[in-house]
Amino acid sequence: MHTRGMQTTEQGIINPLNLPLIDTTTYSPLHEVRDEEHRDAIAADMRKRGWHGAPLVVLPDYLLSLTGVHRRSAAELAGLEEIPGVSLEDLFEACGTDLWDAINSDEEYMNASCYYDYSRVIADHLPEEVIETYGLDMH
Numbered sequence: 008m009h010t011r012g013m014q015t016t017e018q019g020i021i022n023p024l025n026l027p028l029i030d031t032t033t034y035s036p037l038h039e040v041r042d043e044e045h046r047d048a049i050a051a052d053m054r055k056r057g058w059h060g061a062p063l064v065v066l067p068d069y070l071l072s073l074t075g076v077h078r079r080s081a082a083e084l085a086g087l088e089e090i091p092g093v094s095l096e097d098l099f100e101a102c103g104t105d106l107w108d109a110i111n112s113d114e115e116y117m118n119a120s121c122y123y124d125y126s127r128v129i130a131d132h133l134p135e136e137v138i139e140t141y142g143l144d145m146h
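The numbering of the sequence shown is the numbering used here, which starts it at 8 and goes up by one.
This is the structure in structure tokens:
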């Protein structure tokens, strides 16, 4: 397993591109928890089974998590010692695109300062299957 600071095994982590995993415990969420009941249900499941599903997608240089606000909070409530994440830059690279080249190719992308801005470059440059698998779809 490729890791950067992760001790957790890959059991339960859905990472079909085999991207390096990052421990994102100290990363900030993009926004606050908006559905505490949903978060609490995830936490109850995590107490029984640990982390299951896609890792968070993060911007390591900014210590910012773009996905998984409820999963991140649930992992903390469940007492998980590590929260798996993958770098958005690594995700783009695995799909044959350089994130920063893509951003610099369009003035609107260069003004990206939050996930909703990044969502356009993500939608324009990543395959739909990758967007769905790693939880990058906007809804």
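Glycine included, each C-beta is placed from N, C-alpha and C at the ideal position.
Counted as a single uninterrupted DSSP element, the beta strand (DSSP E) harbouring S94 occupies residues P91 to S94. By the Cβ criterion, the segment 84–92 is in contact with the segment 18–32, since at least three pairs of Cβ atoms, one from each stretch, lie closer than 8 Å.
Within the model, the alpha-carbon separation for V128 versus D97 is close to 15 Å. Taking 7 Å as the cut-off, the Cβ atoms of A81 and R46 count as close. Burial is judged here by how many other beta carbons sit within 10 angstroms of a residue's own beta carbon; W107 has fewer than 16 and is exposed. The beta-bridge partner set that DSSP reports for S72 consists of P36 and V65. Residue pairing for I20: DSSP places it in a beta bridge opposite G60. Put simply, the backbone Cα of T74 is about 10 Å away from that of A61. According to the DSSP assignment, E139 belongs to the alpha helix (DSSP H) that extends over E135 to T140.
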